[in-house]
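Student:
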Amino acid sequence: MYRYHDAFKLMVQRHTHISIVTHINPDPDTIGTALGLAHILKRYGKSVEVVNASKDLPYRVDFLQGYHAIKSQMHYGNALIIACDCGDVQQCGFDVAGRELVNIDHHFVNKNFGTLNIVNPDAVSASQTLFELFEGSEDFVIDKIAATAFYAALLSDTKNFTTNNVTSATFAWVQKLLDYGVDHAHVSQNLNRRNSLASVRLMALALNSLRLHLDATVATMVITQASCEAAGTSLLDTHPISYLSDTLATTLIGVTIIEHNNLYKVSLRSKFAYHNVALIAAAFGGGGHKSAAGFRVDSQSVAVEQLIEDIITKLKKVLQGEEA
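Going by my numbering, the sequence shown runs without a break in its numbering and finishes at 325.
In structure tokens:
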């Protein structure tokens, strides 16, 4: 990724103001990557804002420096746009047409929508793509604050190093981050041990909807908007729940369907990368990674039972080694 360093530097030098955009329905990877980048660019002498178009931000990363300064609207005109962890331009949540834009990501289905595209599908998080861009740079200097943000992004996107794309190279990178003084325990506690009471109540409601399919190799859960309202939760409280459906001993693929604002938000999780759920998501107009992907469907256009049936039909082909 360092080969893009000089091109990135030239784009940054042409602007005094920079707007860093994070994807809609943000997770710790997009937020952590953006906050680490913002800190580095401010030290480089730039005026920087981090923006997100969604109503809620993931509170588990509110300990990161700059979190409470994240804006809901872009205030800079004619600024350089840097998109972090956005698979396509729609994920940015803002109209960035015609703007000079740097696209920093790690999704293999990334649409390369930037003026400069810095995309590494082998990276376990967007923050790794950025770290490799800056490693050894005399201009964009990583310190403990930035490294902590990058580490939070990494830890979250790998589900605490349990995803299939984690390799020895990942842990070599972890060592470099920890050498900056990152407090692993502090980051881990914030990410993993801060469930709200409302989210735990929602978890119980979600588990009550659990159903098994295809000889118990696929599990589905449905979280209705009524359940969210009854538990007093926001959409962000559903994020940890999406990982529950593939934790059963027999389950190879988990499907979580969340009803929100006339949409079904579908999360797909697979235990093994050779069960490529990104192909399923793509068939429904979505995307993601081989082991974690998703898509959205208008809840007024299809009943949830029919949606589950359609998903299971495609998953059956994937489990049999066929095209979705």
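Where a beta carbon is used, it is the ideal one built from N, C-alpha and C, also for glycine.
Going straight from the alpha carbon of A148 to that of G33, what length do you get?
Tutor: Approximately 9 Å, taken between the alpha carbons.
Student: Could you tell me which whole beta strand (DSSP E) segments of length 3 or greater appear in the stretch 226-270?
Tutor: Taking only runs of at least 3 residues, the beta strand (DSSP E) segments lying wholly in the stretch 226-270 are 254-261.
Student: Quick check on A8: buried or exposed, where buried means 16 or more other Cβ atoms within 10 Å of its Cβ?
Tutor: Burial call: exposed.
Student: Residues bridged to H214 by DSSP?
Tutor: DSSP, once it has assigned bridges, lists V219 as partnering H214.
Student: Which residue's Cα is closest to the Cα of H40: R61, Y68, E310 and I82?
Tutor: Cα-wise, what sits closest to H40 is Y68.
Student: I need the straight-line Cα distance from N111 to A283, nearest angstrom please.
Tutor: One C-alpha to the other measures close to 12 Å.
Student: For the structure I just gave you, are there three or more beta carbon pairs, one from the stretch 124-143 and one from the stretch 56-65, closer than 8 Å?
Tutor: The stretch 124-143, when compared against the stretch 56-65, does not touch it at the 8 Å Cβ threshold.
Student: So, with DSSP's three-state summary, where would you put S48?
Tutor: Note: S48 maps to strand in three-state DSSP.
Student: Buried or exposed for G287, please, with buried defined as at least 16 other CB atoms from any protein chain shown within 10 angstroms of its CB.
Tutor: The residue in question, G287, is buried, as its Cβ has 16 or more Cβ neighbours within 10 Å.
Student: I need the straight-line Cα distance from P27 to I105, nearest angstrom please.
Tutor: Roughly 15 Å separates the two Cα atoms.
Student: For V175, which of helix, strand or coil comes out of DSSP?
Tutor: DSSP places V175 in helix when its eight states are reduced to three.
Student: Among V278, K318 and E260, which residue has its Cα nearest to the Cα of E306?
Tutor: Nearest option by C-alpha distance: E260.
Student: Going by alpha carbons, who is nearest to L102 out of A84, A199 and K318?
Tutor: It is A84.
Student: Under the DSSP definition of a beta bridge, which residues are partnered with T23?
Tutor: Bridge partners of T23: C85.
Student: Is it buried or exposed for S235, if we count other Cβ within 10 angstroms and need 16 for buried?
Tutor: Looking at its Cβ environment, which holds 16 or more other Cβ atoms inside 10 Å, S235 is buried.
Student: What number of angstroms, rounded off, separates the C-alpha of Y77 from the C-alpha of F95?
Tutor: Taking the straight line joining both Cα atoms gives about 13 Å.
Student: Touching or not, the stretch 285-305 and the stretch 257-271, by the rule of three or more beta carbon pairs under 8 Å?
Tutor: Enough Cβ pairs lie closer than 8 Å, so yes.
Student: Just to confirm the assignment, what range does the alpha helix (DSSP H) spanning F273 have?
Tutor: Taken as a continuous stretch (DSSP letters only), F273 belongs to no alpha helix (DSSP H), as it is neither H nor E.
Student: Which residues mark the beginning and the end of the beta strand (DSSP E) in which F326 is found?
Tutor: Residue 326 is absent from the model: the chain starts at 2 and stops at 325.
Student: When you compare the stretch 42-54 with the stretch 177-185, are there three or more beta-carbon pairs, one atom per stretch, that lie closer than 8 Å?
Tutor: The stretch 42-54 is not in contact with the stretch 177-185.
Student: Cα-Cα, which of I25, K47 and R4 is closest to H16?
Tutor: Nearest C-alpha to H16: K47.
Student: Quick check: the stretch 155-174 against the stretch 203-216, are at least 3 beta-carbon pairs closer than 8 Å?
Tutor: Contact between the stretch 203-216 and the stretch 155-174 is absent, because fewer than three Cβ pairs lie under 8 Å.
Student: Can you tell which of D216, A231 and Q190 has the C-alpha that lies nearest to the C-alpha of A199?
Tutor: Ranking D216, A231 and Q190 by Cα distance to A199 puts A231 first.
Student: In the DSSP assignment, what are the bridge partners of L117?
Tutor: L117 pairs with V103.
Student: Let's see if you can read the secondary structure: which residues bound the alpha helix (DSSP H) around N209?
Tutor: Looking at the DSSP string, the run of the alpha helix (DSSP H) that includes N209 is L198 to N209.
Student: Assign H18 to one of three DSSP states: helix, strand, or coil.
Tutor: Residue state, collapsed to three classes: strand.
Student: Assign T159 to buried or exposed, taking buried as 16 or more other Cβ atoms, counted over all protein chains shown, within 10 Å of its Cβ.
Tutor: So T159 counts as buried.
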